[in-house]
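In this note's numbering, the protein residues as written are -14 to 154.
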């Protein structure tokens, strides 16, 4: 028969063995090197480096298009740059021409509208002037005198109508 302490040692031993095995598996020698970046981090770093190179290349091209940093360019590169700039300038000129044409057309429409409004106002003014002339001719001094002589003169003096009083004077 086994003693109780031996039996306890045998039961505990597999537990201790498990703990020791886990300890050894977590030991720094068995872990991946934490100083080395992960694959994802390396991929991201490579992408960032490529994007940085592309940005710097585009900055260099932009400076050349501005006329800066042209010293190191050969004749062919200068011709290529000139052709690129001429193409861009022709597109800018086309857009400007289109916008100028639109602006001229809009100004023409506004001028036509102003001319039409001016004609309407002139017509209204002529009609009003004609109406005023008819009113003046209808109340001419001769007609006022004729109207007052045919009516009672004492009524004319009492009347508050200024035009009739002026006609009698």
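Glycine is no exception: its CB is placed at the ideal position from the N, C-alpha and C atoms.
Helix, strand or coil: which one does DSSP assign to residue i?
i          : result
residue 56 : coil
residue 51 : coil
residue 75 : helix
residue 30 : helix
residue 23 : coil
For residue i and residue j, what's the separation of their Cα atoms in angstroms?
i           : j           : result
residue 40  : residue 87  : 38 Å
residue 191 : residue 105 : Residue 191 lies beyond the range of the chain shown here (-14 to 154); nothing can be said about it.
residue 32  : residue 26  : 10 Å
residue 95  : residue 89  : 10 Å
residue 130 : residue 123 : Reliability of the predicted coordinates at residue 130 is poor, the pLDDT of 49 falling under 50, and the value obtained from them is presented with this limitation in mind. Approximately 12 Å between the Cα atoms of the pair.
residue 117 : residue 103 : 21 Å
residue 30  : residue 43  : 20 Å
residue 82  : residue 62  : 30 Å
residue 65  : residue 24  : 41 Å
residue 80  : residue 72  : 13 Å
Under the assumption that residue i contacts residue j (Cβ atoms under 8 Å), give the Cβ distance between them as a whole number of angstroms.
i          : j          : result
residue 38 : residue 45 : So it is not a contact: roughly 11 Å between Cβ atoms.
residue 70 : residue 50 : 6 Å
Whose C-beta lies closer than 8 Å to the C-beta of residue i among residues of the same chain, with five residues either side of it excluded?
i          : result
residue 21 : none
Is residue i near the ligand FMN, going by C-beta to nearest heavy atom under 7 Å?
i          : result
residue 22 : In the structure shown, the ligand FMN is absent, as is every other ligand, since no ligand is present at all.
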